[in-house]
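Undergrad: If you want the numbering used here, it's the position in the sequence shown, counting the first as 1, plus 180. Here it is: the structure, laid out below.
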Amino acid sequence: MVASVTRLQVLGFRVRAQQLDRESGDLADTAVLDIGAQDTGPDGAMWALAMRGVDVSELSDTELVRVWTIRGAPHLYRRTDLPSVAAAVEPFSDADAGKRIYDATKPLKAAGI
């Protein structure tokens with residue numbers, strides 16, 4: 181038998197899983213940084229961290245690093261996690277690297293850029 185859940189229960193689960201219900205937090209326990217906080221726009225990742233209770237006014241340049249890793253966008257990571265991030269996104273071979281960038285310029289060319 182499948183358990184029945186309400187829309188409100190699902191939304192509550194998502195809010196807690198994304199840590200959007202926290203009053204405060206720090207970089208070490210902010211889960212979104214485990215996979216990188218997408219940093220597009222003037223303050224995308226900082227906004228995401230602030231929404232999770234991190235006091236972004238107290239952050240130093242040595243704690244976070246912006247790296248262009250996945251999904252064609254820059255992401256913020258904990259600087260201490262950078263070796264693991266690099267290992268996770270490094271191409272397996274030259275052929276794998278080629279597949280990752282194949283036709284990457286196609287949308288730009290189609291837009292006349």
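Backbone N, C-alpha and C define an ideal beta-carbon position, used for all residues, glycine too.
Under a Cβ-count criterion, where at least 16 other Cβ atoms within 10 Å of its own Cβ denotes burial, should Leu256 be classed as buried or exposed?
TA: Locating residue 256 in the sequence shown gives position 76, counting from the first residue. A residue is called buried when at least 16 other Cβ atoms come within 10 angstroms of its Cβ; Leu256 meets this threshold and is buried.
Undergrad: On the criterion of 16 or more Cβ atoms from any shown chain inside 10 Å, does Val265 qualify as buried, or is it exposed?
TA: Against the sequence shown, residue 265 aligns to sequence position 85. The residue is buried, with at least 16 neighbouring Cβ atoms inside 10 Å.
Undergrad: Ordered along the chain, which non-local residues of its own chain (more than five positions away) have a Cβ less than 7 Å from that of Trp248?
TA: Position 68 of the sequence shown holds residue 248. Excluding positions up to five away in sequence, the list reads Pro254.
Undergrad: Classify Ala217 as helix, strand or coil using the three-state DSSP reduction.
TA: Indexing the sequence shown from 1 puts residue 217 at position 37. Ala217 falls in the strand class under three-state DSSP.
Undergrad: Just curious, the alpha helix (DSSP H) that Arg187 is in, first and last residue?
TA: Locating residue 187 in the sequence shown gives position 7, counting from the first residue. 187-197 is the span of the alpha helix (DSSP H), which, as asked, contains Arg187.
Undergrad: Give me the Cα-Cα distance between Glu238 and Gly292, rounded to the nearest whole angstrom.
TA: Translated into the one-based positions of the sequence shown, residue 238 becomes position 58. Translated into the one-based positions of the sequence shown, residue 292 becomes position 112. If I take the Cα positions, the gap works out to 43 Å.
Undergrad: By DSSP's criteria, Tyr257 is part of a beta bridge. Which residues make up the other side?
TA: Sequence index remark: in the sequence shown, residue 257 carries index 77 (1-based). Note: Tyr257 sits in a beta bridge opposite Val245.
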